[in-house]
Amino acid sequence: MDCIFCKIINKEIPSKIIYEDDHVILFEDINPQAPFHALALPKVHIPTILELKPEHSVYLYKVVETIAKVMKEKGYSEDGFRVVLNTNRAAGQTVFHIHFHVLAGRLLMWPPG
Ligand code: 5GP
Ligand code: ZN
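Sequential numbering of the sequence shown, starting at 0, is according to numbering that gives the first Met the number 0.
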């Protein structure tokens, strides 16, 4: 499949992996927008949340649960962090495999640009 994140999952493309298990992977964004910028995704290929089915719910839960665990371990939970899920063109989605951006380590402005 011609999906850059599936290639990262399959180790066909290198990445700096922060956490991985059978269903979830977190790796560093190649173009970080904050001192900590990871991408957290289910290993199952789902292009956007518009294609979500009820059977995907467990995988999405695992991704969010993992984000919380990693951010606690890295010491970002008390200060805070941002989780972003871009969907389609106007939001700037460029990779069509569901992924959460996880940003931390600086004051994050609101509203985002
Ligand atoms: P989107 O714009 O789809 O929400 O986010 C895609 C993200 O993937 C971008 O922040 C971009 O920097 C990141 N990205 C694109 N290609 C690669 C890659 O090959 N490796 C890594 N680690 N990140 C990538
Ligand atoms: Zn994919």
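Glycine is no exception: its CB is placed at the ideal position from the N, C-alpha and C atoms.
Residue i burial status per 10 Å Cβ neighbour count (16 or more: buried)
| i | result |
| --- | --- |
| I8 | buried |
| A89 | exposed |
| A67 | exposed |
| I97 | buried |
| I48 | exposed |
Rounded Cβ spacing between residue i and residue j (contact assumed at less than 8 Å)
| i | j | result |
| --- | --- | --- |
| A33 | L84 | About 16 Å; that fails the 8 Å criterion. |
| P46 | F4 | Wrong, their Cβ atoms sit about 11 Å apart, outside the cutoff. |
Residues near residue i in its chain [Cβ-Cβ closer than 7 Å; skip 5 each side]
| i | result |
| --- | --- |
| T93 | none |
| N110 | Checking the sequence, you will find Pro at residue 110 rather than Asn. The answer is none, since no qualifying residue turns up. |
| I17 | L25, F26, E27, A37, V69 |
For residue i, the three-state DSSP class (helix, strand or coil)
| i | result |
| --- | --- |
| L49 | helix |
| V94 | coil |
| V43 | coil |
| A89 | helix |
Chain-order list of residues whose beta-carbon lies under 8 Å from that of residue i (same chain, five-residue window excluded)
| i | result |
| --- | --- |
| F99 | L38, A39, L40, V62, V63, I66, V82, V83, L84 |
| K105 | Residue 105 is actually Arg in this sequence, not Lys. Around R105: A33, P34. |
Sequence-distant residues of the same chain with beta carbon closer than 6 Å to residue i, five excluded per side
| i | result |
| --- | --- |
| Y58 | H22, P41, V43 |
| K6 | I12 |
| S14 | I7, F26 |
| G91 | N85 |
Next on the checklist: Give me the pocket residues for the ligand ZN, defined as CB within less than 5 Å of any heavy atom, sorted by chain position.
Outcome noted: C2, F4, C5, H44, H96
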